[in-house]
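A quick write-up on the structure given underneath.
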Amino acid sequence: MTFENPRASMLQLPKARGIPLIRYLMLRHFATKSRTAIKYASFTNVLQLHEKQLIGFTFPLQELARHLDPTVDTSCFYTFKPNYNDISRAEVFFIQSHQHIIDYFTSAVRMDHAPELSQPEVCFLGRSNVGKSSLIKALFSLAPDVEVRVSKTPGHTKKLNFYKVGKFFTLVDMPGYGYKAPKDFAEMVEPYLNQRQNLRRTFLLVDGQTGIQEMDNIAIEMLEEFGLPYVLVITKIDRASKGLMAKNVLQIQEFIKKKTHACFPQLFPVSSVFYSGIHVLRCFIVHVTGHLPLSS
Ligand SMILES: Nc1nc2c(ncn2[C@@H]2O[C@H](COP(=O)(O)OP(=O)(O)O)[C@@H](O)[C@H]2O)c(=O)[nH]1
Ligand SMILES: [Mg+2]
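Just so we're aligned, residue 1 is where the sequence shown starts under full-length UniProt numbering, counting upward by one.
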């Protein structure tokens with residue numbers, strides 16, 4: 001079925017290109033949106049935004065706080081609060097040069113195949129489809145040649161994918177856990193978390209539309225049991241309404257306060273499509289790997 005619009009020929013838009021009008025408009029809409037999105041991969045361009053937009057884009061939690069009842073305690077929203085200069089300094093680590101190579105390094109199907117590296121490491125853990133690979137792509141968007149491995153059959157390829165950021169640190173994309181979580185944890189995730197000496201922080205991704213789910217609870221229990229410092233990253237915030245985001249964020253924040261010990265009190269909400277929250281997350285990674293003392 002096509003959506004050919006009889007007025008199309010009058011508008012002389014799509015006919016000239018032989019594309020149905022609605023598809024032409026959709027393509028144009030997404031092309032414009034993605035051009036705008038790519039522009040904001042760089043914090044230098046984000047800094048050109050008006051103050052209100054700049055804050056909302058850089059600190060999505062602060063934007064959310066504006067919509068909350070003033071009686072809600074939002075102090076944990078500001079636990080890690082770099083200034084714009086810190087964020088710009090951190091961004092330099094994610095820009096490729098001849099002296100500073102950012103690239104996919106290797107994959108391991110078992111922990112004993114993992115490369116021995118001395119530089120600090122951070123890993124990204126979460127359910128299949130929660131947005132791990134997209135987040136790594138967004139973090140590396142200033143080095144577009146980095147080949148981020150995405151499994152074509154989600155949940156089937158169980159590999160640890162290692163990405164080197166020069167000689168400074170490594171990011172590890174963990175196999176996504178699904179309905180087979182206990183088995184996946186036993187084979188891959190547990191041995192990695194238990195044995196990896198240079199692991200500085202684990203980022204556990206939770207979908208902003210659904211909040212913490214049963215499988216995420218298994219991961220949280222494991223991280224708590226191991227006493228490893230971890231951080232919750234809230235993904236796909238562009239897909240959730242402000243109301244839903246507020247509800248999920250407050251619920252998760254309450255959960256962290258009451259039920260966890262090793263979890264960082266502040267959440268990191270991100271959109272890997274529009275890059276909101278990405279710049280602060282880059283800054284946090286550079287900070288926890290020991291390369292950026294905050295100036296503020
Ligand atoms: N709208 C939106 N979609 C996202 C975002 N992050 C990931 N996705 C989509 O979610 C799906 C799963 O993402 P992927 O990164 O492959 O998840 P993984 O299995 O955890 O590595 C893909 O279709 C992505 O395009 C986001 O921030 N916003
Ligand atoms: Mg993936």
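Glycine included, each C-beta is placed from N, C-alpha and C at the ideal position.
Count the other CB atoms, across all protein chains shown, that sit within 10 Å of the CB of residue i; report buried if there are 16 or more and exposed otherwise.
i, result
"Lys132", "buried"
"Ile278", "buried"
"Glu116", "exposed"
"Ser75", "exposed"
"Gly126", "buried"
"Ser241", "exposed"
"Ala16", "Any answer about Ala16 is weak, because its pLDDT of 44 lies below 50 and its placement is not dependable; what the coordinates show is given next. The residue is exposed, with fewer than 16 neighbouring Cβ atoms inside 10 Å."
"Thr71", "exposed"
"Tyr40", "buried"
What number of angstroms, rounded off, separates the C-alpha of residue i from the C-alpha of residue j?
i, j, result
"Gln209", "Gly243", "11 Å"
"Leu54", "Arg110", "43 Å"
"Ser107", "Lys159", "6 Å"
"Glu214", "Gln99", "44 Å"
"Glu121", "Tyr163", "10 Å"
"Gln48", "Tyr275", "15 Å"
"residue 303", "Phe226", "Because the chain spans 1 through 296 in this model, residue 303 falls outside it and cannot be assessed."
"Asn217", "Tyr177", "12 Å"
"Asp63", "Ile38", "Residue identity check: residue 63 is Glu in the sequence provided, not Asp. Approximately 21 Å, taken between the alpha carbons."
"Leu142", "His261", "35 Å"
"Pro14", "Val206", "With a pLDDT of only 45 at Pro14, under the threshold of 50, the placement of this residue in the model should not be trusted; the figure read from the coordinates follows. Distance between the alpha carbons of Pro14 and Val206 is about 41 Å."
"Phe203", "Val233", "6 Å"
"Lys81", "Phe43", "16 Å"
"Leu68", "Lys167", "42 Å"
"Met174", "His50", "37 Å"
"Glu187", "Leu292", "34 Å"
"Ile136", "Leu21", "35 Å"
"Ser128", "Ser134", "12 Å"
"Val92", "Val172", "20 Å"
"Tyr192", "Pro182", "14 Å"
"His179", "Phe185", "Here residue 179 turns out to be Tyr, not His, going by the sequence shown. Those two C-alpha atoms are separated by around 11 Å."
At a cut-off of 7 Å, is residue i close to ligand 1 when judged by its beta-carbon and the heavy atoms of the ligand?
i, result
"Gly178", "no"
"Thr235", "yes"
"Asp216", "no"
"Val172", "no"
"Arg196", "no"
"Arg239", "yes"
"Gly126", "yes"
Return the Cβ separation of residue i and residue j in integer angstroms, given the expectation that the two are a contact with Cβ distance under 8 Å.
i, j, result
"Phe268", "Val280", "7 Å"
"Ser118", "Asn45", "No, Ser118 and Asn45 are not in contact; Cβ-Cβ is about 35 Å, not under 8 Å."
"Ile95", "Cys283", "About 14 Å separates the two Cβ atoms, so there is no contact after all."
"Ile212", "Ile252", "6 Å"
"Thr79", "Pro265", "5 Å"
"Ser271", "Lys247", "With a Cβ gap of about 18 Å, Ser271 and Lys247 do not count as contacting."
"Val146", "Tyr104", "6 Å"
Relative to ligand 2, is the shortest distance from any of its heavy atoms to the C-beta of residue i smaller than 7 Å?
i, result
"Asp86", "no"
"Val150", "yes"
"Lys247", "no"
Going by DSSP, name the residue or residues bridged to residue i.
i, result
"Cys263", "Tyr230"
"Pro269", "Ile234"
"Cys76", "Answer is none; Cys76 lacks a bridge partner."
"Ile22", "Ile22 pairs with nothing; no bridge assigned."
"Arg201", "Val122"
"Tyr163", "Tyr104, Leu171"
Does the beta carbon of residue i come closer than 8 Å to any beta carbon on chain D?
i, result
"Tyr40", "Among the chains in the structure shown there is no chain D, since it carries only a single protein chain."
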